[in-house]
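Undergrad: Throughout, the numbering used here is defined as the position within the sequence shown, counted from one, plus 6.
Note that beta-carbon positions come from the ideal geometry of N, C-alpha and C, so glycine has one too.
Sending over a structure as structure tokens; questions will come in a sec.
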Amino acid sequence: MTFSDTPAPRQIAWGARTLVMGVLNLTPDSFSDGGRLNSVPAALKAAARMLAQGADLLDLGGQSTRPGAESVGAAVELQRLLPLLAALQELRAAHPGLLISIDTFHASVAEAALAAGADWINDVRGANREGDTSLRDPLMLPLIARAGCPYVLMHSRGTSQTMDELAVYGDVVAEVRAELLAATQQALAAGVRTEQIVWDPGLGFAKTTEQNLELLRGLAELRAEGYPLLVGPSRKRFIGAVLGEARPRARLWGTAAVCAVAVAAGARVVRVHDVAPICQVVRMAAALRPTSP
């Protein structure tokens, strides 16, 4: 069975509030929670907890994308993802609005996941800069165009092994915007519709601490291009650098501060590990956002 035989992936109904995406890493080597979800029951319990805490979306990943991570290949990703995807369909009875995202840069993984009930695809190589197009799966954009699902174009440079060497910018906000626009044009040329596209500036991917902070200060410039923004700061290294905190799981309050800034700048989605406290942050930051006169 292919995704064309299944119901169309559910679209995001953008409302006034920022949505909270819960991270489910089904990997042994992710930077902050690798190995914690090492079985379907454990992952399903974590998913149910996130939904009870207020998550709007769940983002499933079978490939670590931390600096230095080794690629495991599409077959291993599918071994990790598909059993949980099948189990998650049972949660939809209690959470009919649930959206499931798949974090992958392999078109074969995306296709199988959509066929198994995923709703949209989160591609960390979707906006790899123009000179690195060989790193993108050439089948991904045609697949997304056929599927009609929401598609996150994340900005990055290089691979997990090389991205730290490529954090060289004259103006990081302008260059990230230009590279996202170039990737968007390629997607549109491949038949992807404008309303499918979500932008992610790629915090932590080929950016230094100061470049990440500059990007956050410039979110309004990215938002001005008209594409919904997804911001994923959760527990990341730049937060640890600012706070002097080496433990990823102890970076909650730094993550909360970034999420508040993202909400104020109009981000549509924040991607986080700590759903319950960030849901409170998002609600409070939205209440404090200035209203139009």
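Among residues of its own chain, excluding the 5 on either side of Ile203, which ones have a beta-carbon nearer than 7 angstroms to its beta-carbon?
TA: Residue 203 sits at position 197 when you count from the first residue of the sequence shown. Hits under 7 angstroms: Tyr157, Leu159, Thr190, Ala193, Tyr233.
Undergrad: Confirm, please, whether the CB-CB distance from Pro254 to Gly246 is below 8 angstroms.
TA: One-based indexing of the sequence shown puts residue 246 at position 240. One-based indexing of the sequence shown puts residue 254 at position 248. Yes; because the gap between Cβ atoms is below 8 angstroms, this pair is in contact.
Undergrad: For Met124, count neighbouring Cβ atoms within 10 angstroms of its own Cβ and tell me buried if that reaches 16, exposed if not.
TA: Position 118 of the sequence shown holds residue 124. Looking at the sequence provided, one finds Ala at residue 124 rather than Met. Label assigned to Ala124: buried.
Undergrad: Just to check my reading of the structure: Met169 and Pro73 have Cβ atoms closer than 8 angstroms, yes? What is that Cβ distance to the nearest angstrom?
TA: Residue numbering aside, residue 169 sits at position 163 when the sequence shown is read from its first letter. Residue numbering aside, residue 73 sits at position 67 when the sequence shown is read from its first letter. About 7 angstroms; that satisfies the 8 angstroms criterion.
Undergrad: Out of Leu249, Cys155, Ala173, which one is the CA nearest neighbour of Thr200?
TA: Counted from its first residue, the sequence shown places residue 200 at position 194. Checked all of Leu249, Cys155, Ala173; the closest Cα to Thr200 is Cys155.
Undergrad: Here's the rule I'm using: 16 or more other beta-carbon atoms within 10 Å means buried, otherwise exposed. How should Pro47 be labelled?
TA: The residue labelled residue 47 in the question sits at position 41 within the sequence shown. Exposed, by the Cβ-count rule.
Undergrad: Excluding the five sequence neighbours on either side, which residues of its own chain have a C-beta within less than 6 angstroms of the C-beta of Met27, listed in chain order?
TA: Numbered from 1 along the sequence shown, position 21 holds the residue referred to as residue 27. Hits under 6 angstroms: Leu63, Asp65, Val275, Arg277.
Undergrad: Just verifying my parser: in three-state terms, what is the DSSP assignment at Phe37?
TA: Here residue 37 refers to the residue found at position 31 when the sequence shown is read from its first residue. Low local confidence applies: a pLDDT of 48 at Phe37 is under 50, so the model's placement there is unreliable, with the coordinate-based value given in what follows. Three-state DSSP puts Phe37 in coil, outside helix and strand.
Undergrad: Could you tell me the alpha carbon to alpha carbon distance between Pro207 and His161, rounded to whole angstroms?
TA: As a working mapping, residue 207 is identified with position 201 in the sequence shown. As a working mapping, residue 161 is identified with position 155 in the sequence shown. Taking the straight line from one Cα to the other gives about 5 angstroms.
Undergrad: With a 10 Å radius around its C-beta and 16 neighbouring C-beta atoms as the bar for buried, classify Trp205 as buried or exposed.
TA: In the sequence shown, counting from the first residue as 1, residue 205 sits at position 199. Result: buried.
Undergrad: Compare the beta carbon distance of Ser107 and Asn128 with 8 angstroms and say whether it is the shorter of the two.
TA: Residue mapping note: residue 107 aligns to position 101 of the sequence shown, counting from 1. Residue mapping note: residue 128 aligns to position 122 of the sequence shown, counting from 1. Their beta carbons are under 8 angstroms apart, which means Ser107 touches Asn128 by this criterion.
Undergrad: Going by Cα to Cα distance, which pick from Arg295, Ala273, Ala293, Pro34 is closest to Trp20?
TA: As a working note, residue 20 is residue 14 in the sequence shown. Out of Arg295, Ala273, Ala293, Pro34, Ala273 has the C-alpha closest to the C-alpha of Trp20.
Undergrad: On the DSSP bridge assignment, give the partners of Val287 in chain order.
TA: Looking up residue 287 in the sequence shown gives position 281. Note: Val287 sits in no beta bridge, so no partner.
Undergrad: At 4 residues or longer, what runs of the alpha helix (DSSP H) sit wholly inside the region 129-205?
TA: Taking only runs of at least 4 residues, the alpha helix (DSSP H) segments lying wholly in the region 129-205 are 146-153, 178-195.
Undergrad: Which runs of the beta strand (DSSP E), 3 residues or longer, sit entirely within the region 43-118?
TA: Whole beta strand (DSSP E) segments, 3+ residues: 63-67, 105-109.
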